[in-house]
Amino acid sequence: MIPNVTATIITGFGLNCERETAKALETAGASVELVHLNDLIRNSEKLSTTQILCFIGGFSFGDHLGAGTVFANRIMNHLGNALKEYVERGNLIIGICNGFQIIARLGLVPSINGIDFEPTIALASNDSGVFRNSWVTLKVNKQSPCVFTKNIDAIPLPIRHGEGKMVVLNQSVLNDIEKENLIVLQYADPQSMEPTNDFPYNPNGSINAIAGLCDKSGRIFGLMPHPEAYLSPYNHPQWIRQKLNGVLKKEGMGQIIFRNAVNFVTENLL
Amino acid sequence: MYFRLEVSPLKSEHDTRGKATLSKIIQYFGFSVEKIQTRDVFSIIADITDDDAKQMLKGMTNPVIQRGVIGESNLDHFDWIVIIGFLPGVTDNVATTAKSLLCDTIGRSLNTNEQIFSSIEYLISASQMNADQIQTVAENLLANPIIQSIECLSKAELQKNGIPINKPEYLQSNKIHVEEINIHIPDDDLIRLSQDRCLALSLMEMKQIKQYFTRKDIDNGRQAMGLTQNPTDVEIEILAQTWSEHCKHKIFDAEINYTDENGITSKITSLYKSFIKRSTYEIGEDVDWLVSVFNDNAGVISFNDKIDLVYKVETHNSPSALDPYGGAMTGIVGVNRDPLGTGIGANLLINVWGYCFGSPFISAEKIPKGLLHPRRIRDGVHQGVIEGGNQSGVPYGYGWELFDDRFIGKPLVFCGTVGVLPKTINGQPGHEKSIQPGDLIVMAGGLIGKDGIHGATFSSEALDQNANAQAVQIGDPITQKILYDFIIEARDKGLYRYITDNGAGGLSSSVGEISVSSGGCIMDIAKAPLKYQGLQPWEILLSESQERMTLAVGPDKIEEFEQLAKDRDVEVSVLGNFTDTGKFHIKYRDNTVAYFDLEFMHEGCPQMQLCAKWTPPNHSEPQSIDNDGLDIASSVLSLLERLNICSNEAKARQYDHEVKGLSVLKPFVGIENDVPTDASIFMVSPLANEGIVLSYGVVPKYSDIDTYHMTASALDLAVRRIIAVGGSLEKIAAIDNFCWPDPVQSTSTPDGEYKLAQLVRSNMALYDYTKAYKTPCISGKDSMKNDAVMGGKKISIPPTLLFSLIGRLPDISTAQSLDIKSAGDLVYIIGLTKEELGGSEYYGMKGFIGNNVPKVDADQSMTIYNALHSAIKNEILHSVHTPSLGGLAIGLAKISIAGRLGLDIDLSQIPTKEQLNIETLLFSESNGRFIVTLPGDQKSEFEKTMDGLSYSCVGKVKLAPKLTFYDDNKILCNIGINDLVSTYKKTLSTT
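The listed protein sequences derive, respectively, from chains C and L.
Count along the first sequence from 1, add 33, and you get the number used in this note's numbering.
Count along the second sequence from 1, add 1, and you get the number used in this note's numbering.
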């Protein structure tokens, strides 16, 4: 146990992955607090005692008006400054699925020019036009500064979204992202392990097969796939075969991302 | 001030809605369309400044992919514009969210005169299309005229008149009017009164009501309240809802004279009590895990020493026939409220769904006027349950679809939810609740509108052209999710004493039912929050507006309860209090509008007296094909592409099955995750070892021969699916869902006695086999009027019984899947194959029904299930599958597809009692069978486990991608796996 690491999960308005995300962080040694967005707005000082802030998956406000839009707007109107200060203190943020859509909308990633709440990327409707739940293979960019993906080369995770297609504002944003190595995860062909635009390996048609991005500090990380849905080895769709072949993991691979976060806080922020 | 806010895709490549619409217009209608651009439009009627509107637009527009405009953007390249909005009073979820955004932007809440309406505009470039064709597309693809408004304008019309303002305000007089209903009239007039008011009450019931209101003692009490010997409209409507077939299950409670095929007559006092409840109570004497059955919103069983499981499966057929999207969405979010309203409130864990439709490929001319095309129903139903389930954050466990053209009249939409109830909450048993006189009646959740008024009585009648849109409700999953989160928080803080769902019959039903706990209630419905003014008292009471729960809150907790609701943006209102007066007492402000005995309300409905007569049908049999004349490969492939066998993955992938991170055996399994699992397994909580196993069985086709064996087969199929994935017979609970055509003899139902006999026989089998397998029904639902009468023609569904089973797996690591995994493994078939092609998919393909319906030998099967269970638990098998529709041939094809490996199968080795021809061996749908594979070194261990049972080794798994059938040494056919895969997937491949 590393009792000093505190993680905060924002809940409410249709977000729904709080329980498994809390389990992941607790397993990694953090103490976890679930805070309803309205309570956080009333009491934004809570942000001064936490080191990992989680924007979790779900359907905030039903994805009406675009995924993450209304939730991001409420944060911008009521918590903008507190959030900026939180980031400036060097703390961590992870945004998963709907959480990624929210932090993208807030401009927290890739935030090339710092945090000005102007988005430069968006998660648009999948090319297929429909929601999809399937497992994908993700290649990790070893050059990225992302603190959440240390010691991972590749990771299988489930995706569950209708709006996950990475789109950039313009070519210069993409150039900056690539130059700074802010691409963290890419959808890959499981055989060749190369990033791909081919469906279903790339489930949404993301530019450059981008599945996850970070900011320049590597401390803000957004991703469409769900690491908190692969905490148990029995979550993997092929676990029976893995068991038969003697390659069943001891722990679900999604857990590593949360361990990395907690370890980073322990080593750098406490 | 009025503002028009318009949001459109920045580039046409981001307009996925436009692209999808374009391809559907071409695919479904064959019209030539060049391009479609779409945009979302919001009419804001609010006291805000230009600057506020600009800020709001900025908040709702994503500058990376969207363009926002106040007013109207100028577009040159289009020929038609189609504007789709909602009709007045219809739930507009997107507008509700836009209101939240506006409140955040201006920093205050909106007053009642401030409104937002959403619409979608399609700008269509189609120089070849005329106005009629545009209208056809609008009505049959873009909108449902029953709930949505449609405006089609040419470019010239638009330029001349400008764009219309979308402002579907619900305008009705505010005058409150309570009518006295004269029931002291002749019988014929009573019948007409029931029909005219959509009461669905019989003459006998109307007379019962008349008698009650005339009683001297009753009259005295009512006079004191300012009422007369005639009921008010509020009262008659309350009774009609409470006594509806939907709420009262009158057919299942009827006294039935049943005459069997030998002319022997017996009297059944109530199907429900004589068969369903009796079986459960008798099993309950042997097992210790039944916690609460038949007396709450869902059944409750003990799972382990900390938690109970709650399970309910519902149908939402009639609303889905009218508005497939809204009706089905209400189906899923509605059934979510059943576990939430069970005990002191359960956490939601897993959803399930299943649908019966007509063929989506049937030609449009064959659909009677007044009915929607099955393709449209299918697309809408899927979309509704996908959005409802995904947005609620509840994963689905499995989903299935069955097709038969008799479902054109009414589709069947089954939705179910498993919940978790802690055994102890705040020191009290989680499954118990009670109300004390003086407790407050609290409604929590959405506002009340006209939606769903008469839902309960409407679904108690056949569908006809006059069906009323008010009977349809549209769910709002996000409002409900917010309500659900709030309820669980309030539950854990001990802020209320009782909770139930507001479903069919609205407040009338929910408060009416739970008032029994304290012994009465007094309620002022003028205190209920409304979506818009102008609702009459009876409408407020009966409205089935969604996302509402009714609670009993102690006076000492109300302040804290209301504060928490405010903090969570949840609407709650105190409507009155529970009493012990024995009266159901409703007021509107100072006036009493309903006042009668709770006992009369719940016990006063007279029992129906019905007759049932069973005459076994005799169907013609096809010529059997001798072994040499049979083209196996072509038969297998033709079966594999049939609607009832082929893959429905394209739709199913759009449902979230992994939220909560509990999924262990997913809805689709195999090396490419593309074959439906026999049963699903979920961890009961994150990282738990214990698993929940879910399966189903439904075989309406067998009802054409005998519903007794249909019922036995459905249950056996569901049971053996649980066994196949590693579950055991030790603890399995069942939910029964009966969907029947009207079985009451009348001029419109001349074959009612036969249909009722089918119901009796089904119940007899339910008793016999749930008893034998010790799988008690813990909850259920019946839907008894699944007929449509259109243009004088009646379409009735085949009698359909769905069994939904829930079991326990102590250690998830022992689970097994159906995909074959290693070349060289031995293939075994367990259980006897019999001459049972009656009602099979194979006969169906040939255009026959036949007579030899599959039967169930429960004793024999249970020995096999127990032996197989220990083989799986001891981990000596590599795959297990239980065949169903299509028989062994399709079972073998599926495991081969799932493993992308070949099979060598010698059909002469298949265990049988007598010599059978190859046609029967391959396609008979006999119950109680499994196909398993195992490594050679487990052969003797396996055979020892199976000692004395019918089984045999029929072949091997091979690397070569071919399914090969032998008759002894002679090769009968070779089918390439690629052919199997592509045939299996092509039929329903559109998303």
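Here a beta-carbon is modelled for each residue, glycine too, at the ideal position from N, C-alpha and C.
is_contact[residue i, chain L] using C-beta, thresh 8 Å
{"i": "alanine 262(C)", "result": "yes"}
{"i": "lysine 56(C)", "result": "yes"}
{"i": "proline 258(C)", "result": "no"}
{"i": "asparagine 106(C)", "result": "yes"}
{"i": "leucine 67(C)", "result": "no"}
{"i": "phenylalanine 297(C)", "result": "no"}
{"i": "valine 280(C)", "result": "no"}
8 Å Cβ cut-off: residues of chain L touching residue i
{"i": "isoleucine 273(C)", "result": "Ala816, Gln817, Ser818 and Lys822"}
Test: residue i CB closer than 8 Å to a CB of chain C
{"i": "alanine 899(L)", "result": "no"}
{"i": "arginine 40(L)", "result": "no"}
{"i": "serine 510(L)", "result": "no"}
{"i": "asparagine 467(L)", "result": "Note that asparagine 467(L) scores a pLDDT of 48, beneath 50, so its modelled location is shaky and nothing firm can be said."}
{"i": "phenylalanine 337(L)", "result": "The sequence given here places asparagine at residue 337(L); phenylalanine does not occur at that position. Chain C contact via Cβ: absent."}
{"i": "proline 744(L)", "result": "no"}
{"i": "aspartate 879(L)", "result": "Note on residue identity: the sequence assigns histidine, not aspartate, to residue 879(L). Chain C, which has a Cβ nearer than 8 Å to the Cβ of histidine 879(L), makes this yes."}
{"i": "glycine 727(L)", "result": "no"}
{"i": "arginine 590(L)", "result": "no"}
Chain C contact residues for residue i, given Cβ-Cβ distances below 9 Å
{"i": "aspartate 570(L)", "result": "Gly45, Phe46 and Asn71"}
Amino acids of chain L, ordered along the chain, whose beta-carbon sits closer than 7 Å to that of residue i
{"i": "valine 103(C)", "result": "Thr98, Ser101 and Leu102"}
{"i": "phenylalanine 305(C)", "result": "With chain C running from 34 to 303 in the structure shown, residue 305(C) is simply not present."}
Distance, residue j Cα to residue i Cα
{"i": "lysine 367(L)", "j": "isoleucine 27(L)", "result": "21 Å"}
{"i": "asparagine 175(L)", "j": "valine 38(C)", "result": "59 Å"}
{"i": "glycine 140(C)", "j": "leucine 111(L)", "result": "29 Å"}
{"i": "serine 267(L)", "j": "serine 763(L)", "result": "16 Å"}
{"i": "proline 260(C)", "j": "proline 169(L)", "result": "44 Å"}
{"i": "alanine 21(L)", "j": "asparagine 184(C)", "result": "41 Å"}
{"i": "lysine 103(C)", "j": "histidine 882(L)", "result": "Looking at the sequence provided, one finds valine at residue 103(C) rather than lysine. For valine 103(C) and histidine 882(L), the distance between alpha carbons rounds to 47 Å."}
{"i": "isoleucine 42(C)", "j": "alanine 595(L)", "result": "49 Å"}
{"i": "glycine 123(C)", "j": "glutamate 115(L)", "result": "43 Å"}
Delimiting residues of the alpha helix (DSSP H) encompassing residue i
{"i": "glutamine 10(L)", "result": "Here the sequence assigns proline to residue 10(L), which means glutamine is not the residue at that position. Element bounds for proline 10(L): not the alpha helix (DSSP H) but the beta strand (DSSP E), 3–10."}
{"i": "alanine 816(L)", "result": "Careful: alanine 816(L) lies outside any alpha helix (DSSP H) and carries neither H nor E."}
{"i": "leucine 70(C)", "result": "70–75"}
{"i": "tyrosine 119(C)", "result": "102–121"}
{"i": "aspartate 769(L)", "result": "753–774"}
{"i": "asparagine 162(L)", "result": "156–162"}
{"i": "threonine 17(L)", "result": "17–25"}
{"i": "valine 720(L)", "result": "708–725"}
Host beta strand (DSSP E) of residue i (start-end)
{"i": "glycine 400(L)", "result": "397–404"}
{"i": "proline 191(C)", "result": "187–194"}
{"i": "proline 538(L)", "result": "Taken as a continuous stretch (DSSP letters only), proline 538(L) belongs to no beta strand (DSSP E), being part of the alpha helix (DSSP H) at 538–543."}
{"i": "leucine 264(C)", "result": "Here leucine 264(C) belongs to no beta strand (DSSP E), and DSSP marks it neither H nor E."}
{"i": "leucine 141(C)", "result": "Here leucine 141(C) belongs to no beta strand (DSSP E), and DSSP marks it neither H nor E."}
{"i": "histidine 586(L)", "result": "584–589"}
{"i": "isoleucine 972(L)", "result": "971–977"}
{"i": "serine 797(L)", "result": "794–797"}
Under 9 Å by beta carbon: chain A residues contacting residue i
{"i": "glycine 140(C)", "result": "Note that chain A does not occur in the displayed structure, where the protein chains are C and L."}
Residue i: contacting residues in chain C (beta-carbon distance under 8 Å)
{"i": "proline 64(L)", "result": "Glu151, Pro152 and Leu202"}
Cβ-heavy atom distance, residue i to the ligand NAD, below 7 Å
{"i": "leucine 923(L)", "result": "The ligand NAD is not part of this structure, which contains no ligands at all."}
The stretch 642–661 of chain L / the stretch 980–991 of chain L touching (three or more Cβ pairs under 8 Å): Taking a cut-off of 8 Å for Cβ pairs, the stretch 642–661 of chain L and the stretch 980–991 of chain L touch, as three or more such pairs fall below it.
How about the stretch 266–276 of chain C and the stretch 46–64 of chain C: do they share at least three Cβ pairs that are nearer than 8 Å? Contact fails between the stretch 266–276 of chain C and the stretch 46–64 of chain C, because fewer than three Cβ pairs, one in each stretch, are under 8 Å apart.
Below 8 Å, can you find three or more Cβ-Cβ pairs linking the stretch 203–223 of chain C to the stretch 275–292 of chain C? Segments in contact, no.
Using 8 Å as the Cβ pair cut-off and three pairs as the minimum, do the stretch 953–961 of chain L and the stretch 611–626 of chain L touch? At 8 Å Cβ cutoff, the stretches do not touch.
I want to know whether the stretch 674–689 of chain L touches the stretch 734–742 of chain L - three or more CB-CB distances under 8 Å. Counting Cβ pairs under 8 Å, fewer than three are found: no touch.
Validate contact between the stretch 783–792 of chain L and the stretch 900–918 of chain L using beta carbons, cut 8 Å, 3 pairs: These segments do not touch.
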